[in-house]
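Heads up, the thing below is written out as structure tokens.
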Amino acid sequence: MNVAAALKNQYHAALATLRQAIEQCPDELWTAACQAGPPFWQVAYHALFFTHLYLQPDEQAFRPWQHHRDEYQFLEEIPWPPHRPPNLGEPYTKEQVLEYWAACDDMIDAGVEGLDLSAAACGFGWYKMPKLEHQIMNIRHIQDHAAQLGARSRAVTGLAPRWLGTSSKG
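If you're matching positions, the sequence shown starts at 1065 in the working numbering and goes up one per residue.
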């Protein structure tokens, strides 16, 4: 079994599900406050930011997206002192988030190929797990937020992302 090929396929499928959720989000829901947590746009951006970050061999190799805004990746408190909510200004537009989505989807194949999937450490000090397990966790993270956003959209529109067990790119 080719583990790297399976990871790439599942990354693309999870990202395709996230894209569906983003595209199906009605305009009135995109920036709306939500009892269930941060606004739709911020959850989508968060999922993409960490997809991008964790496709790197380690934290030092990461170069943020050209339109990244500091602190926008955090959904609640910043994880280091003073543990305050992130400072957010203008939200990303749906078009901007879809642009970042395309950049993330385009980096999957080369990103996975550039990883040492047999490494005992994932390269990110806040996670104590091997690289392969960390990649599986990253895919689960994408899918978790895709489902979260799909549920929000479905509550308003009746539409939800279609389940994709595999990628059309695979």
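For each residue, glycine too, the CB sits at the ideal point set by N, CA and C.
Nearest candidate by alpha-carbon position, reference residue i, set the options
i	options	result
LEU1228	VAL1067, ALA1069, LEU1093 and LEU1079	LEU1079
VAL1161	CYS1089, TYR1118, ALA1184 and TRP1105	TRP1105
HIS1209	ASN1066, ALA1167 and TYR1109	TYR1109
GLY1153	GLU1141, PRO1225 and ASP1134	ASP1134
LEU1179	GLN1120, GLU1159, PRO1143 and CYS1168	GLN1120
GLN1088	TRP1129, TYR1118 and GLU1159	GLU1159
ASP1091	PRO1225, GLN1207, TYR1156 and VAL1176	TYR1156
ILE1086	ARG1226, SER1231 and SER1232	ARG1226
SER1232	THR1081, ASN1066, VAL1067 and ALA1068	THR1081
PHE1114	THR1095, TYR1136, ALA1069 and ALA1183	TYR1136
Cβ separation of residue i and residue j, assumed to be a contact under 8 Å, to the nearest whole Å
i	j	result
ARG1083	TRP1190	Actually they are not in contact, since the Cβ atoms of ARG1083 and TRP1190 sit about 27 Å apart, beyond 8 Å.
ALA1097	PRO1103	7 Å
HIS1116	CYS1168	5 Å
GLN1207	LEU1071	Not confirmed; about 13 Å, so no contact.
LEU1181	ALA1068	7 Å
With 16 other Cβ atoms within 10 Å as the buried cut-off, status of residue i
i	result
ASP1170	exposed
GLY1175	buried
LYS1192	exposed
ALA1100	exposed
GLY1214	buried
GLN1124	exposed
TRP1094	buried
ALA1077	buried
For residue i, the three-state DSSP class (helix, strand or coil)
i	result
CYS1098	strand
ASP1091	helix
ASP1169	helix
LYS1158	helix
ARG1216	helix
GLY1153	coil
ARG1204	helix
ALA1185	coil
HIS1132	coil
PHE1104	helix
GLU1197	helix
ALA1224	coil
GLU1177	helix
Quiz item: When the Cβ atoms of the stretch 1214-1229 are set against those of the stretch 1148-1157, are three or more pairs found closer than 8 Å?
Solution: Contact annotation: the stretch 1214-1229 does not touch the stretch 1148-1157, with fewer than three C-beta pairs closer than 8 Å.
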